[in-house]
Every structure is written in C-alpha cells, then in structure tokens.
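To keep things clear, I will list the structure first and then write my remarks on it.
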Amino acid sequence: MNTMLTEQEAIQLQEELRPKVIRTDELPAHIKLIAGVDVEYDKESDLIAGAFVLLDFNTLEVVEVATHCMQVTFPYIPGLFSFREMPVLLEAWKKLERRPDLVICDGQGIAHPRRFGLACHMGVLLDVPALGCGKTRLFGKYEELAAERGAVSPLLAEDNGEHIGNALRTQNGISPVFVSTGHKVSLDTATAMVLKMSVTYRLPETTRKADHYGREAFIAFRENQGKELL
DNA sequence: GCGACAG
DNA sequence: ATCTTGTCGC
-19 MNTMLTEQEA
-9 IQLQEELRPK
1 VIRTDELPAH
11 IKLIAGVDVE
21 YDKESDLIAG
31 AFVLLDFNTL
41 EVVEVATHCM
51 QVTFPYIPGL
61 FSFREMPVLL
71 EAWKKLERRP
81 DLVICDGQGI
91 AHPRRFGLAC
101 HMGVLLDVPA
111 LGCGKTRLFG
121 KYEELAAERG
131 AVSPLLAEDN
141 GEHIGNALRT
151 QNGISPVFVS
161 TGHKVSLDTA
171 TAMVLKMSVT
181 YRLPETTRKA
191 DHYGREAFIA
201 FRENQGKELL
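In structure tokens:
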C-alpha cells in the first residue's frame, strides 16, 4: 500500500528535484512528435482519468493515445498540483509505445512559487522535454499585453523579479495563456511552440486533444465499472 | 489579520 | 476541476 505523501514531504520533494530542472533547449532541432496531457475529474467519487496524446508536429494528426483511470491520491493544493496529477499521468505514460520530443502540460512549469510546477515535475521524472501552458496565472506579475495574437508580456516573480514565464495571447482579443519552462526547453522556444500549436483556439491543439481523449476514456471506464457490478 | 491560490 | 442560463459583445 502506498502511504499518502504529506504536504511537508511533497514540498521537501520539490526542493530535492528542483535542481535537476534544465531551463535551456535540449530537445531535437526538428520535432516530429509533440505530446499533450490532461486529467479529467469526476464531480462525485474520487475518480480521475489521465491522457497522453501524441501528435505529428507537422500535420497535427493524432499518432497515439494512452489513458489511465484511477482514484485520486492527493488533494488539490495550489503549489502542489503536480502531486495530484502525476500519478495518473505516469500510468498513462507507461502505456505509451512511442516517446514524444516535447510535452505540453496543462499547468505551470517554472512559473511557480518554488519553481517546480507540473511541467518541471513531469520533465524531470520522465526525462523528457516539457513546457507548462496554464489557462490562469499561479505565480508572477505581468503588465497588460497587446490584443493581437502573438503578443507577449513577461511574467516576473514576485520574490526576486526573475523572468519565469510569459503571458501569451494565442488568439486576437482572447485572454492570454501562461507559458513557462518545464524541462529541457527554453522560455523562448516554449513560447514559440505554444503559439504554433494554438492554431484556432486559445489552447494548443495538444491540450485540446488530450482533454477530448481523457474525457472519452473516462466515460468508457465508468461504463465498464457499471457492467462489472451487475 | 487579509487576500491569493495551476486544475 | 465541476456545477450551469442567460447574456454581453462583435
């Protein structure tokens, strides 16, 4: 049986893993496979579904999908979000046959109070280039940015003023997303990647596809659970 | 003590 | 995350 991690132990683990994060580009010059991840939650019951989706970087076609369902093992605590979502995503990752050149995470990377958001956690544990693309801000201040797609405004850490991420407008007149380094990807590359993957909607196609397949897997899982009870 | 707070 | 109709704006 797994003993649930305490809040203090989780923070301790973040401090231990943080030094392993690489904030510079150490990914292939020409990306072929790009991945998206997402986790779905059940409103009642503590079931969650994690999904990894691999897309062809040039055509954006789905190459592979891997999902996993299980019960949540950690509560939602701002700053410790990765401890809630990593377990399911690790299981989904094990089912993946191919390895992506870059993973786009739904959440923050370095733009985190201890500089260790979900994208860093995933990148370090799986040793894969990863970046964080959050829908809302967790940490850091930024100035308003132009209304046009492509507009960028630096996210500066409240504690030391460090440039930890970018608020990026992916569509004209739509609220920005928050991009930051996860592991083995520079902020500039991460920002360019998110903009390139956000062709029609606010969020990158990787995240949208992962959300779709995660939802689908969740429904299928619940139906099977119901049958087993008969 | 009073906000802020990824999903 | 999730519960949810109408509604404000282009």
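In terms of our numbering, the first sequence opens at residue -19 and continues consecutively. Heads up, the beta-carbon is just placed ideally off N, CA and C, and yes, glycines get one too.
Leaving aside the five residues before and after Met102 along the sequence, list all residues of the same chain whose C-beta is less than 8 Å from its C-beta, in chain order. Val17, Ser62, Met66, Leu69, Val83, Cys85, Val108, Ala110, Gly162 and His163
Taking one C-beta from the stretch 121 to 128 and one from the stretch 51 to 58 each time, how about it: are there three or more such pairs within less than 8 Å? no
In terms of alpha-carbon separation, which member of Phe96, Glu142, Arg149 and Val157 lies closest to Arg117? Val157
Inside the stretch 2 to 57 only - beta strand (DSSP E) runs reaching at least 3 residues: 13 to 21, 27 to 36 and 42 to 51
To which residues of the same chain is Leu210 closer than 7 Å at the C-beta, ignoring the five residues directly before and after it? Because the pLDDT of Leu210 is 46, which lies under 50, any placement of that residue in the model is unreliable, and the number read from its coordinates should be weighed accordingly. So the list is empty, once near-sequence residues are dropped.
Between Trp73, Arg188, His48 and Gly112, which lies nearest to Gln88 when the distance is taken from Cα to Cα? Gly112
Could you check if Met173 is buried or exposed, using at least 16 other CB atoms within 10 Å of its CB as the buried criterion? buried
State yes or no: is the C-beta of Glu13 within less than 8 Å of the C-beta of Val43? Per the sequence shown, the amino acid found at residue 13 is Leu instead of Glu. Yes. Within cutoff.
So which of His48, Arg94, Ile2 and Ala9 has the shortest CA-CA distance to Ala(-10)? Arg94
Below 8 Å on the Cβ atoms is my contact criterion, and I expect Ala31 with Tyr193 to pass it. Report the Cβ-Cβ distance as a whole number of Å. 5 Å
Burial state of Glu203, where buried means 16 or more other Cβ atoms lie within 10 Å: exposed
Please determine, among Arg188, Ser160 and Tyr181, the residue with the shortest C-alpha to C-alpha distance to Thr4. Ser160
Are the beta-carbon atoms belonging to Gly120 and Leu136 less than 8 Å from one another? yes
On the CB-based measure, 16 or more other CB atoms within 10 Å of its CB, does Asn140 come out buried or exposed? exposed
Can Val33 and Val45 be called in contact, C-beta distance under 8 Å? yes
On the premise that His48 lies in contact with Ala72, defined as a C-beta separation below 8 Å, what is that separation, rounded to the nearest angstrom? 4 Å
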